[in-house]
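To convert a position in the sequence shown, counted from 1, into our numbering, add 352.
Glycine included, each C-beta is placed from N, C-alpha and C at the ideal position.
The structure presented is a predicted model; accordingly, all values stated were derived computationally and were not measured.
Read through the structure below, which is laid out as structure tokens, and then see the notes.
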Amino acid sequence: MNVQKWVQKHNQHITYLTGALIVLGFLSKGLFHWELGYTATFIAATLVGFLPVLIHAWQALSVKVISIELLVSIAVIGALFIGEYNESAIVVFLFLFGSYLEQKTLQKTRNSIKTLTEMAPTKAWVYQENGQVQETDSDEVNAGDELLVKTGAQVPVDGVITSGHGYLNEASVTGESRVVDKSVGATVFAGTLLDNGTLRIKATRVGEDTTFGKIIELIEEAQDTKSHAEKFIDHFARYYTPAVLLLGIIVWGITQDIRLAITILVLGCPGALVIGAPVSNVAGIGNGAKRGVLIKGGEIMNTFSKVDTLVFDKTGTLTKGQTELVEMKAMPGQQRGLAYTAAIEKESDHPLGRAILAYAEAHAIEYSHLKVTQTKVVKGKGIRAVVENQTVLVGNRNLLTEAGVRLNQEQERKLTEMEEKGISTVLVAVDQQLALMLGIADTPRDGVKAALAALKAMGIKRMVMLTGDNVRTAQAISQQLGIDEVHAELLPEDKVGYVEKLKKAGHTVAFIGDGVNDSPSLASAHIGIAMGSGTDVAVETSDIVLMKSRFTELVHAYGLTKKTVKNMKENIVIAIATVAFLLIGLIFGYIYMASGMFVHEVSILVVILNGMRLLSYHTKHAA
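So, in structure tokens, the structure goes:
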């Protein structure tokens, strides 16, 4: 065990020493014509380099796996047996050097993870019971602790500001380099940097549960998840390697040419085939992470590249979710309606509810003293509650209709007029009488129209909007953006049903959403895509997360998955073509053991370099 650990620790040095001994052997013969020195150095190079190869072969055999290292080990022992010391040394060195290149490449493609990990805060200043602050490891902070964050320091946990004011750089979480002005009541995230100000925060999530911790965990898990191509290659290699070993034995039995049999073992090593797909997968996921797209695994990469239908939620996804109350019609004698509505909505985080609260506060509407009881959320329709002993309904037309509230002709006309403008409407009824008609506008996200056009140009055939909003508002938004199909006034289960209908029709479906009510659809679709600004449930349920909540990221993600899958296929073709070339060269006498191993290692380098091209990939639209 100690030898194994030592070899693993010094594997790079062993590779260098093996190469140096080979160079010394050639110098012994070429410059000094010293045959003994030539032979001795090549034997020494073989023995030094052979040790890590032999250890890996033995480890694989111990778990009943016939590995590439076993083929090389047999070939090296055979070459020593027939006195081909130079070829045994060169084969060992090239194999070690190829493994070294693989490790360095995978290390480079994982740099985005390393960079993120290094950005994780390690220290925190925690308030003690006596009011003093004490520095402690961030891992030891508990939810509910009060912390001090000074100018220039990282926020160590997710939390809420209890006092102070500051400007935070949230690039580590959102990808946005601009600073964000935050004060009491605002949420702060672990890993963000306080550029200016002093904050006292209350920890809400700590350690791996923070937004920053989850980002790192998601990417690490993704890079360890194998794609369909990788699983196929693993399965293929399980049978291919023993087949090559059997072929070598058969050739030796028929021809009695040990050199030919050993050469077949060397040339049959499927190195490029085994490394090609993982390099592409890891590089693709690393590229996405660097550009704010979290893709949770190689299988997701493969599936998303085949998506032909995109299904969108509206509010907070296609639109900004930053709504404003732009129109209000109060019925005679119902002046208290807005105060009642604000009192009910103060417990809600729905974008329409936030718009109503913002309007009430801006116009100094008093509502905090009102007593709200018997609150009941009616999914996809609104809220029913009792305020100051009066029954209040806040929601869409369906909610009021079910409760027996009818609109007169003038009210119907006004409602239609609002909806035709693309304005979301909220109706408020107090004790079975319509009190308010509220018009709330939510504009499309920046760049959505151009992004959707780019996605169509890249191969998306169908775009569908599913929303709980009214038909006219949904159609107005869809016409602005060029959406093919709209279905409005849907409950969450209706959205799931439509996604299932598309799947049964043979479409490969991706659903893009941001809210808790989108989670069932995110889980039901072939690919669920969440906006990073969305709820934790949506982010956890999804397969892909757009951290900046921009549609340019969606375009990049789709193009990247297509490019990555294509890159994997290219690497497989290169690997198979190399094996075919070597076998043909062997048959016609142009390829020998050392030269074959050289071509084999060159093919590994080629697939590595091809995979690394993905690190710099970007779409024209994103650029």
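Best match in the options for proximity to residue i [C-alpha to C-alpha]
i, options, result
"Ser535", "Pro473, Tyr519, Ala555, Asp866", "Tyr519"
"Ile775", "Val739, Gly668, Arg824", "Arg824"
"Thr550", "Val532, His517, Val558", "His517"
"Met379", "Lys731, Gly371, Tyr390", "Going by the sequence as given, residue 379 is Leu instead of Met. Ranking Lys731, Gly371, Tyr390 by Cα distance to Leu379 puts Tyr390 first."
"Leu677", "Thr655, Glu713, Ile426", "Glu713"
"Lys731", "Leu842, Leu722, Leu818", "Leu842"
"His365", "Ile395, Phe449, Leu388", "Phe449"
"Gly799", "Arg902, Glu754, His859", "Arg902"
"Leu373", "Arg706, Ala412, Ser440, Ile926", "Ser440"
"Val739", "Val596, Ala694, Arg557, Ala476", "Ala694"
"Ala929", "Val954, Thr913, Gly911", "Val954"
"Phe394", "Gly811, Leu376, Gln686", "Leu376"
"Thr503", "Thr655, His859, Arg552", "Arg552"
"Gly689", "Gln742, Leu788, Ile426, Asn482", "Leu788"
"Gln831", "Val816, Pro844, Glu845", "Val816"
Residue burial classification, residue i (beta-carbon count within 10 angstroms, cutoff 16)
i, result
"Thr398", "buried"
"Thr562", "buried"
"His878", "buried"
"His385", "exposed"
"Ile936", "exposed"
"His362", "exposed"
"Thr461", "The predicted model places Thr461 with a pLDDT of 48, which falls under 50 and marks its position as unreliable, so this point remains unresolved."
"Ser490", "buried"
"Leu388", "exposed"
"Leu961", "exposed"
"His408", "buried"
"Arg758", "exposed"
"Lys357", "exposed"
"Val501", "buried"
"Glu699", "exposed"
"Ile513", "buried"
"Tyr719", "buried"
"Asn482", "exposed"
DSSP three-state assignment for residue i, whether helix, strand or coil
i, result
"Asp836", "coil"
"His859", "coil"
"Ala574", "At Ala574 the pLDDT is 46, less than 50, meaning the model places this residue with poor confidence and gives no usable figure here."
"Ile775", "coil"
"Met789", "strand"
"Glu481", "coil"
"His385", "coil"
"Arg611", "helix"
"Pro508", "coil"
"Lys416", "coil"
"Ser464", "Residue confidence for Ser464 is low, a pLDDT of 47 falling below 50, so the modelled location carries little weight and cannot support an answer."
"Gln784", "coil"
"Lys357", "helix"
"Glu498", "strand"
"Ile434", "coil"
"Ser812", "It is Ile, not Ser, that sits at residue 812 in the sequence shown. Correct three-state label for Ile812: coil."
"Glu528", "Caution applies to Glu528, whose pLDDT of 46 falls short of 50 and renders its modelled position unreliable; the model cannot decide the point."
"Ile616", "helix"
"His517", "strand"
"Ala826", "helix"
"Ala842", "Reading off the sequence shown, one finds Leu at residue 842, where the question assumed Ala. Looking at Leu842 - three-state DSSP - the assignment turns out to be coil, as it is neither helix nor strand."
Inter-residue CB distance, residue i and residue j (contact presumed, cutoff 8 Å)
i, j, result
"Asn633", "Gly650", "4 Å"
"Ile717", "Ala737", "Incorrect: roughly 17 Å between the Cβ atoms, too far for contact."
"Gly747", "Gly734", "2 Å"
"Thr971", "Val907", "5 Å"
"Val507", "Val493", "Going by Cβ atoms, the distance from Val507 to Val493 rounds to 11 Å, so no, they are not a contact pair."
"Val848", "Pro872", "5 Å"
Suppose only complete runs of 3+ residues qualify. What are the beta strand (DSSP E) ranges in the stretch 916-943, listed by chain order? Here no run is fully enclosed.
Considering only residues of the stretch 636-689, which uninterrupted beta strand (DSSP E) runs meet the minimum length of 3 residues and lie entirely inside it, listed in chain order? Counting only runs that start and end inside the stretch 636-689, the beta strand (DSSP E) elements of at least 3 residues fall at 645-647, 661-664, 676-682.
Kindly provide the ranges of any alpha helix (DSSP H) runs that are 4 or more residues long and lie completely inside the stretch 694-744, ordered along the chain. Whole alpha helix (DSSP H) segments, 4+ residues: 703-714.
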